Structures are given as structure tokens and as C-alpha cells.
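*Asks:* My structure is below; once you've seen it, I'll send some questions.
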Amino acid sequence: MPININPHNIEAEQEVLGSIILENSLIRKINLSVNDFYSAKHREIFESMTKLDLNGTPIDISTLKNRGIDDVNYLSTMAFRIVSPVNAVYNADIVREDANKRKIGVICRSAMENLQTDSVDDTLSKIRGALTLIAKTRGGSIVSTIEIAKEMAEFIDRRTNNKGVLSGIPTGFMDLDELTDGFQGGDLILMAARPASGKSALAMEFAENAGVPVGIISIEMGQHQIGVRHISKLSGVTLFNIRKGYLKYEGRMDKVLTACARLAELPIYYSFSSRKIIEMERVITQMIEVYGCKEIIVDYLQLAKGNEAKKREQEVSEISKFLKSMAMIHNVPVVAISALNREVEKREGKRPILADLRESGALEYDADIVIFLHKASHENNCVVEVIVAKGRNIALGTVKLWFSGDTMTFRNFTEH
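Just so it is clear: in the sequence shown, position 73 is 73 by UniProt numbering, and no numbers are missing.
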């Protein structure tokens, strides 16, 4: 069977254009772009229609002629063949579907050419990016305030009937959840702190407490380090005793074995080899689509690499925007752990502020929520302040947690 590399339907395109001449308001309902039309003549006509509509000018044969569309007979034929414009949206769907098929064909042909010089991973990344753009345009991207109002009414009804229930994914810490209402799909949550403040430990707590499958891209620590931390957290046996094998006393062995069984039941999925954006994109998609992950954690952002050699600030900005796009595309919260710049070390008290975010102002801009950890004490077991310094549609404030460095565990301060 021969392959049609340029699928199109001229009659459907004519039906759409003729319907718009009869009922001008349809041009704002059909959600088509100029390049969705296969015929060059139809692209020219639709572009003129769009400009007329933007200027508030009626769309008819006369006004189209004034804009340089000289084939009056063709316009008349299209308009007069329409018995009723009721099928315009249906025909617009046909036009859009054919346009998307042509775009996919171009992507596939381009991929075959790229494979001559590019790696498989680079080619796959380009394919996924291009297909994502097509997917986002399917089904329409223009939303009226009527639809927004309907969604808000449903949301308010849902929240009214579920008072006190978090709308997002819980962190497991009641005061922090009170501020954030849980982590929301589509949000990029940036968690930053000075070294040895417990960033990775708190991220692991988030994963254990989420109650849903969580994917973690661990660039800083390997599988063994992660495993030891999980067992220490779950058993209460110190990291020192586990590493040294001092498990014959105080029932430690039983606690550790019980912790191993509990760890095996946690729906947490790790990747330890994903450093470049191209690799993270593939892994994040797999974690979400194959393993059902509802939250993604990246530990940590400054160790990730962009797809091309760039200045460090540009690279960090690229990574930040990539993580935000992953949150939006997949509608999951993405928690990214970040370092702070050296200015915080010069400040008395070393309490972090937004200007301390390391290497790029894009971090503050792209993040929906910015959380700082402030560990004022050098003691192993102490209070850590969790500062919600930026948030869209949430409360800002500071929460106190108790940190046990011996087991890398956080607890609600009231439980201490």
C-alpha cells in the first residue's frame, strides 16, 4: 500500500473557510492556525480572515477582495456550497488531524536524516520534544472564562466537601503541609540550603511520606548510600552502627531486617545514571508512564548537565526550565534540590534569602515554590528551620522541624 506522505482534505478546508464567511464568529471557535491548511491558496485566505477578525472587520467576499484575495468566484463557490455552518468544527478537526499527520511525517523523515550524524539519544530527544508540541495543540488550547468558572465551581465544591484534606501530595510534616496544601501537579519546588543541612534527607522524607509512587533522580548519591540512609531512617539504627556492622546489640538486627522489608514495599523508583537533560527526560517519562510516579525529585540540580556546552549560568537556566516543563507536561510536582551561592557564608547568621540561589536568577523565576533549610546549630541533633520564601497561591512562612543527624531523620517539631 503506497504511503501518503502529505495527507490532506481539500473539501474539508473549503467547508471551514466557507463556513467562516457565513458565520464570522467560527474563526475563534475552530482553533486552527494558518499552517494547518495544506492548500497555499487556503492558507492565504485564512490568514486574511484572521487579520480581518483581529481588526474587528467583517469577513465577507468584499473585505477579502480588499485584502488581495482576487479569486472572487472561488470565494463565492465556497460560501454558497455551505447549507449550514454547523459542521465547521467537525471539518476543522479533520483539517487539524491531517496537519498533525503531516507534522509527524516531517519529524520522522528528519529523524532518519539526523541518525546519519546524531546519536540515538539525541534523535529521540528531538522526536519527543517535537511530538510534545503537537500533543499540546491537540484538542484546543484556547479556554474561555466560562470553562474556567466551571472548573472553579467544581474545585470550590470539592474543597468545601473535603475540608482539611490536602489538595496536593503531602510532605508528611503538618506545619509545612498547612502552608503549601501539599505539592501540586505542574509545580517546580526548589529546595535549597548550605552543605550538610539535610537537603537530601528531607527529600527522602518527602518520598517516604508521599503515599504515592515517587521517582528520584539521584545524581549526588549512589544506590548503596541511598539504601543505608533508608534503612537508618526506617529502623532508627544509626548510620554509624549500620556501616560498622554493630547490629548484635539492642535488637538492632531485627530492626534493620524489619526496615529492609518496609523499604521493599515503598513505591519509590530511583535512577542513578541520569545526569544530562536528554537522559533525565527519558527517565522521568518512564517513571511516570511505566511506574505511575506522581512526584519527581531531582538531587541535585547543580550536578545536572545541559544538552550542549554553555556558560554555567545558561546551563543552570536550561536545566531549571526543563524541570518546570516536565512538571507542566506531566502534571506532577517536581522537587529539585539546589545549592546556595557563597554570599550566604558571608552573612551574619547565614540565613538564606532568594538572592542566594546559586548560579542563575532563572531558578527563582522558574520555581513555583522556593524552600530554604536553615540549620543554625552545628550539633548533630538540632532544630532546622524550613523557610517557604516564595510560593504561588500559598502562604509563606517558617516551619521548625527536628533533625536527627544520627539517622538523617526529620520529625515534626511538636513530636520531639
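Idealized CB from N, CA, C, for every residue including glycine. A quick note: this is a predicted structure, and the numbers were derived from the prediction, not measured.
Mind the definition here: the region 11-24 touches the region 41-58 only if three or more C-beta pairs lie below 8 Å; say whether that holds.
*Replies:* The region 11-24 vs the region 41-58: in contact.
*Asks:* If we ignore side chains and look at the alpha-carbon of each, how far apart do Glu97 and Ile277 end up?
*Replies:* Their Cα atoms are separated by approximately 31 Å.
*Asks:* Measure from the alpha carbon of Lys29 to the alpha carbon of each residue in Lys324, Thr398, Val86, then state which is nearest.
*Replies:* Selected option, being the one with the closest Cα: Val86.
*Asks:* Does the region 170-185 come within contact of the region 330-341, defined as at least 3 CB pairs closer than 8 Å?
*Replies:* Flag = yes, the region 170-185 and the region 330-341 touch.
*Asks:* Under 6 Å Cβ to Cβ from Asp121, same chain only, skipping five residues before and after it: list those, please.
*Replies:* Hits under 6 Å: Ile278.
*Asks:* Mind checking whether the beta-carbon of Asn87 lies closer than 7 Å to any heavy atom of the ligand SAH?
*Replies:* Looking at this structure, you won't find the ligand SAH or any other ligand, since it has none at all.
*Asks:* Output the residue ranges of the alpha helix (DSSP H) runs that lie fully inside the region 98-168 and measure 4 residues or longer, sorted by chain position.
*Replies:* You should have 120-137, 145-160.
*Asks:* Please report the residue range of the alpha helix (DSSP H) in which Gly227 lies.
*Replies:* Note, Gly227: alpha helix (DSSP H), 223-235.
*Asks:* Going by CA-CA distance only, name the one from Cys108, Gln225, Val386, Phe272 that's closest to Arg411.
*Replies:* Arg411 has its Cα closest to that of Val386, out of Cys108, Gln225, Val386, Phe272.
*Asks:* Select from Lys350, Ala389, Ser377, Gly215 the residue whose C-alpha is nearest the C-alpha of Ile369.
*Replies:* Among Lys350, Ala389, Ser377, Gly215, the Cα nearest to that of Ile369 belongs to Ala389.
*Asks:* Quick check on DSSP: helix, strand or coil for Val334?
*Replies:* Three-state result, Val334: strand.
*Asks:* Compute the distance between the beta-carbons of Ile288 and Ala304, then report whether it is under 8 Å.
*Replies:* For Ile288 and Ala304, no; Cβs fall outside 8 Å.
*Asks:* If you measure between the beta carbons of Pro7 and Lys101, is that distance less than 8 Å?
*Replies:* Yes, these two residues count as a Cβ contact at 8 Å.
*Asks:* Across the region 370-381 and the region 230-250, are there enough close Cβ pairs to call them in contact, namely three or more that are closer than 8 Å?
*Replies:* Segments in contact, no.
*Asks:* Taking only three categories from DSSP, how would you classify Asn341?
*Replies:* Residue state, collapsed to three classes: coil.
*Asks:* Could you tell me which residues DSSP puts in a beta bridge with His378?
*Replies:* Answer by DSSP bridge pairing: none, since His378 is not bridged.
*Asks:* Whose CA, out of Asn393, Gly405, Asp406, Asp70, lies closest to the CA of Gly168?
*Replies:* Residue Asn393 is the option with its Cα nearest to Gly168.
*Asks:* In or out: Phe240 buried (at least 16 other Cβ within 10 Å) or exposed?
*Replies:* With fewer than 16 Cβ atoms within 10 Å of its Cβ, Phe240 is classed as exposed.
*Asks:* Can Cys293 and Val214 be called in contact, C-beta distance under 8 Å?
*Replies:* It is a contact, given that the beta carbons lie within the stated cut-off.
*Asks:* Ends of the beta strand (DSSP E) at Glu205?
*Replies:* Looking at the DSSP string, Glu205 is not in any beta strand (DSSP E); the run it does join, the alpha helix (DSSP H), is 199-209.
*Asks:* Alpha carbon to alpha carbon, how far is Leu323 from Gly34? Give it in angstroms, no decimals.
*Replies:* Checking the displayed sequence, the identity of residue 34 turns out to be Val instead of Gly. Computed Cα separation, rounded: 31 Å.
*Asks:* Checking the sheet assignment: what are the DSSP bridge partners for Asp299?
*Replies:* DSSP output for Asp299 lists Ser218 as bridge partner(s).
*Asks:* Quick one: using the 10 Å Cβ neighbour count with 16 as the cut-off for buried, is Asn381 buried or exposed?
*Replies:* Its Cβ having fewer than 16 others within 10 Å, Asn381 is exposed.
*Asks:* Take the Cβ of Met152 as the centre, count every other Cβ of all protein chains shown within 10 Å, and call the residue buried at 16 or more, exposed below.
*Replies:* Answer is exposed; the Cβ neighbour count stays below 16.
*Asks:* Less than 8 Å separating the beta-carbons of Leu340 and Asp366?
*Replies:* Not a contact, by the Cβ cut-off of 8 Å.
*Asks:* Using the beta-carbon count (16 or more within 10 Å), is Ala207 buried or exposed?
*Replies:* Ala207 should be labelled buried.
*Asks:* Using the Cβ count rule (16 or more neighbours within 10 Å means buried), how would you classify Ser25?
*Replies:* When all chains shown are included, Ser25 counts as exposed.
*Asks:* By alpha-carbon positions, which one of Ser273, Leu179, Ile284, Gly227 ends up nearest to Leu396?
*Replies:* Nearest C-alpha to Leu396: Leu179.
*Asks:* Any idea if Phe403 is buried or exposed, counting beta-carbon neighbours within 10 angstroms, 16 or more meaning buried?
*Replies:* Answer is buried; the Cβ neighbour count reaches 16.
*Asks:* With C-beta atoms as the reference, is Asp177 less than 8 Å away from Leu166?
*Replies:* Yes, the Cβ-Cβ distance between Asp177 and Leu166 is below 8 Å.
*Asks:* Please state if the CB of Phe272 and the CB of Ser218 are separated by a distance shorter than 8 Å.
*Replies:* A contact, by the Cβ cut-off of 8 Å.
*Asks:* Do the CB positions of Val384 and Gly198 come within less than 8 Å of each other?
*Replies:* Yes, the Cβ-Cβ distance between Val384 and Gly198 is below 8 Å.
*Asks:* Give the straight-line distance between the Cα atoms of Ser200 and Gly227, rounded to the nearest whole angstrom.
*Replies:* Using only the alpha carbons, I get a separation of about 13 Å.
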